[in-house]
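Working notes, beginning with the structure itself.
4 protein chains.
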Amino acid sequence: MSPRPDVSIERTEQILQAAMTVFAQRGFHESRMDDIAEHAGVSKGTLYLYFKSKDEIISAMLEAFFAHEFENMQTILNSGESAASTLLNIADTVVTDMNEMSDFLSIGFEFYAVAGRKESVREFLRGYYHEYRTLLVSLIQRGIDSGEFRSINPDDIAIAIIALFEGMNLLWVVDPESLKPDRMVRAGVSALVDGIRIVPLSAAETGSRSVSNL
Amino acid sequence: MSPRPDVSIERTEQILQAAMTVFAQRGFHESRMDDIAEHAGVSKGTLYLYFKSKDEIISAMLEAFFAHEFENMQTILNSGESAASTLLNIADTVVTDMNEMSDFLSIGFEFYAVAGRKESVREFLRGYYHEYRTLLVSLIQRGIDSGEFRSINPDDIAIAIIALFEGMNLLWVVDPESLKPDRMVRAGVSALVDGIRIVPLSAAETGSRSVSNL
Amino acid sequence: MSPRPDVSIERTEQILQAAMTVFAQRGFHESRMDDIAEHAGVSKGTLYLYFKSKDEIISAMLEAFFAHEFENMQTILNSGESAASTLLNIADTVVTDMNEMSDFLSIGFEFYAVAGRKESVREFLRGYYHEYRTLLVSLIQRGIDSGEFRSINPDDIAIAIIALFEGMNLLWVVDPESLKPDRMVRAGVSALVDGIRIVPLSAAETGSRSVSNL
Amino acid sequence: MSPRPDVSIERTEQILQAAMTVFAQRGFHESRMDDIAEHAGVSKGTLYLYFKSKDEIISAMLEAFFAHEFENMQTILNSGESAASTLLNIADTVVTDMNEMSDFLSIGFEFYAVAGRKESVREFLRGYYHEYRTLLVSLIQRGIDSGEFRSINPDDIAIAIIALFEGMNLLWVVDPESLKPDRMVRAGVSALVDGIRIVPLSAAETGSRSVSNL
DNA sequence: AATGAATGAGCGTTCATTCAT
DNA sequence: GATGAATGAACGCTCATTCAT
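Rendered as structure tokens:
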């Protein structure tokens, strides 16, 4: 009588979760549909009930992979702190996310590699970074307007900050043992923020000194 | 009597060159040994005379791919200019290299992805970045010693600079049309350098003003 | 108390009807159980309530497909007309049936192909053609006995007539646009009938002249 | 030095031969590429060196399957015998071919089934039958011109003859044990030829009497 | 040294069938 | 009876690798 409960959302999540784990361990191409199915605890056929193909799983993962970032962003941006402080808070959040995602970071690079060859992926990532940049630009502009920052081009700085985040990501993947992302990211952003401040050395607020002096 | 001239070095280069082109167009896994052979102008069998396997071609490429960077570095480091100027010169060289390598940048990301899963690749890249960092650290230290820079942690800043370079790389792959690497990289490094200078606003020397005022 | 009315016969017909449509469009192997279920307006599971397997649907269709033919036959045979006229009437009926079944004719060929490999199908079709032949033989014999036909072997002629019908079928499937079955079948049977008549040229009755003179 | 001899033609034939055997035993869809490879004495991969896909093997077979017929046709047509005799000679050849191909006849029906759904196959067969018909029409017209045949429509009779051939084919596939193609085909064509002759009963020449009286 | 025809393990995908609801 | 989500065996096709020439 009562229809079977619709499990399609759970199943989809379940499969994507499994795919992420397998992809992170083996890469897109070396990952077998069998592996994903086994990890998800379903049969291979079931994968195809929820995704048309392996490529579609990868595409869905692309979106899932780059979805988290903006969730806490708004809260941070509206915290009422100074622009410089907010930028450092964002840096801290990025580090937290990096730590949480540490097992899966290599998946990101696979996406970047694909982006070099596939316009659709490039387009998606372009949109992602555009949104990210827009948020940072408005924050930096706020800093300029409030007299906190020099009148630099906010776009250039926003891009530099994102580049810094992504580059740290990369370096951490390469050397996860000896690099300490929390420290490094903060130091980098601190230096950048100091570089655009009117009064560059208010170390107390930015915390940059505590880092530089470690 | 007269032995045939040994063409093995040329052949090897020839094959690696072809592999790089094909890999950049299709990625490691989508590249066929046939494609590489055709591009190299040799037969498929010949590939196996010079490389034991496809994986070995990829490994050899890893080294070839990350080899160029340090060639001009020494010249720049010994130019006698201020540390800040030298850092900006390095940024310019990086941009030049990015432009030259633009068709192949996505290969790099494939390597980073592999690095996430394969210690040998991770190790190689670790060595590469270590060397890079060492050069930058000594330069930054020179700046500190000469009173040009504040007494920050040179390692943190070196890492931040490398992260900035690599991150810019990534962003440029994603959005090659609208991003201008020369401008972006300079702006980022300028801000960083300004952030660590004792006298931050000597815009004339760093060129940061030309950027900020655009 | 009041048992649900037994819908199994209707369901079975409904499914066979749907199967015939789908099979005609796609062939046995390209037809999916899903397609049949959808066409029948039932679920895939329901198919298995009425048929053990796809093969059983095909088998059931074999019988349904070759069932129609003999229904009107008796009426035609007992019409009281001459044997030659009756043969031409049969030809006309065959053409009518061909027209009605035009969308499904290719299914027949699939059965013939299966007959080449499966004794059970061969046996069924053998029975079908035997019955058909028996009816024609008795008609031809009547013609011989009544002095209408020469003393040919009625079996040979019966087989030739059936072959003519089936062959026309085939040619029409291959070239439905330019071939006109009504005309062709009549012309063929007319010639055959003329060939076995004692007085071959009574064109008025056979209608052969109208064809020959077109 | 001397290049390896080109075996591509032999290989192609070898594969088609094997495919024909396997297809005849199992049908197109039930035939496995593995089976064909094994029958041909090559590996599965080798099949794909010579044919792009299973479908392409089937297409190539379509042409090979319907290619033989016209080879002897010209010789028979130019034999200088009367039109009626020539038609009977053709019938005999058809029977000979049927006997030679007996193991493979079911493949033909599979093609006819496909023809019902695929224009490309339909087109090929249309061309085949058109050529066949053209030859027969010219022969029949010769008979009319020479006063051997009545002034019937040669096209209708040509089609009837082809239909007779194909229909006999079918009946023989269904009942190979009890039907005798040589006898049946001759009887059918004899009756047809008698039906269109000016002097219908010259049994000696057509051999129809010997058949009817067996 | 160089070739390229041949190989066959391996994988993505399909779809008839089952069975819990 | 009816459903349709789940299954997994099976197959077409690919492509890195080998080796006889």
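Residue numbers (our numbering), protein chains in the order written: chain G, 2 to 215; chain D, 2 to 215; chain B, 2 to 215; chain R, 2 to 215. We put the beta carbon where it would ideally sit given N, CA and C, even for glycine.
For residue i, name the three-state secondary structure that DSSP assigns.
i	result
R118(B)	coil
R184(B)	helix
F112(B)	helix
A205(D)	Unreliable positioning characterises A205(D) in this predicted model, as indicated by a pLDDT of 40, which lies under 50. The coordinate reading is nonetheless provided below. In this structure, A205(D) counts as helix in the three-state DSSP scheme.
R198(D)	strand
E52(G)	Looking at the sequence itself, residue 52(G) is Phe, so the reference to Glu does not match. Of the three classes helix, strand and coil, the one that applies to F52(G) here is coil, per DSSP.
V95(G)	helix
E11(D)	helix
H1(R)	The structure shown does not extend to residue 1(R), since chain R spans only 2 to 215, so no value can be given for it.
F29(B)	coil
N100(G)	helix
N90(G)	helix
S107(D)	helix
F66(R)	helix
E82(D)	coil
Could you tell me if residue i is buried or exposed, where buried requires 16 or more neighbouring beta carbons within 10 angstroms of its beta carbon?
i	result
V212(G)	Low per-residue confidence applies at V212(G): pLDDT is 38, beneath 50, and the placement is therefore not dependable enough to give any value.
T135(B)	exposed
A68(D)	exposed
I59(B)	buried
T76(B)	exposed
S209(B)	Any reading at S209(B) needs caution, since the residue's pLDDT is 41, under 50, leaving its predicted position unreliable; the model's value is listed next. It counts as buried.
D104(B)	exposed
P6(G)	exposed
I10(B)	exposed
E57(B)	exposed
E167(D)	buried
G128(B)	exposed
G196(B)	buried
E111(G)	buried
E149(B)	buried
A116(B)	buried
Which one of the options has the shortest CA to CA distance from residue i?
i	options	result
A25(D)	L106(D), G189(D), T87(D), Y51(D)	L106(D)
F71(B)	V23(B), A164(B), R143(B), L137(B)	L137(B)
D146(R)	S191(R), G117(R), N79(R), S83(R)	S83(R)
I160(R)	D98(B), T94(B), M102(B), L172(B)	L172(B)
A65(D)	A20(D), E31(D), L140(D), I158(D)	A20(D)
M169(G)	G109(G), G196(G), R198(G), H131(G)	G109(G)
I163(G)	E132(G), H30(G), P6(G), K181(G)	E132(G)
Y130(D)	V175(G), T76(G), L193(G), S80(G)	V175(G)
V8(R)	A61(R), Y51(R), G46(R)	Y51(R)
N154(D)	V96(G), I141(G), A188(G), Q15(G)	A188(G)
S179(R)	D156(B), I141(B), K181(B)	D156(B)
I81(R)	R143(R), I158(R), R198(R)	What sits at residue 81(R) in the sequence shown is Gly, not Ile. Checking every option, the nearest Cα to that of G81(R) belongs to R143(R).
E39(B)	D56(B), I16(B), S54(B), K53(B)	I16(B)
M74(B)	A85(B), V95(B), F29(B), P182(B)	V95(B)
V194(D)	S121(D), T47(D), K53(D), A85(D)	A85(D)
G42(B)	E31(B), T22(B), I199(B), H30(B)	T22(B)
I158(G)	V122(D), A192(D), F29(D)	A192(D)
R12(B)	G46(B), R184(B), S152(B)	G46(B)
S152(R)	E14(R), E101(R), E31(R), I199(R)	I199(R)
V186(B)	E31(B), N90(B), R123(B), A61(B)	N90(B)
Taking 7 Å as the line, does the beta carbon of residue i fall inside it for any heavy atom of the ligand SAM?
i	result
L137(B)	As presented, the structure is devoid of all ligands, the ligand SAM included, so that no description of it is given.
For the putative contact between residue i and residue j, defined by C-beta atoms under 8 Å, what is the C-beta separation to the nearest angstrom?
i	j	result
R118(B)	R27(R)	7 Å
V190(B)	A92(B)	4 Å
L88(R)	L140(R)	7 Å
L78(B)	F125(B)	Not a contact, Cβ separation roughly 23 Å.
M99(R)	P182(R)	5 Å
Segments of 4+ residues assigned as alpha helix (DSSP H) that fall wholly inside the stretch 123-178 of chain D = DSSP runs (the alpha helix (DSSP H)) wholly in the stretch 123-178 of chain D: 155-175.
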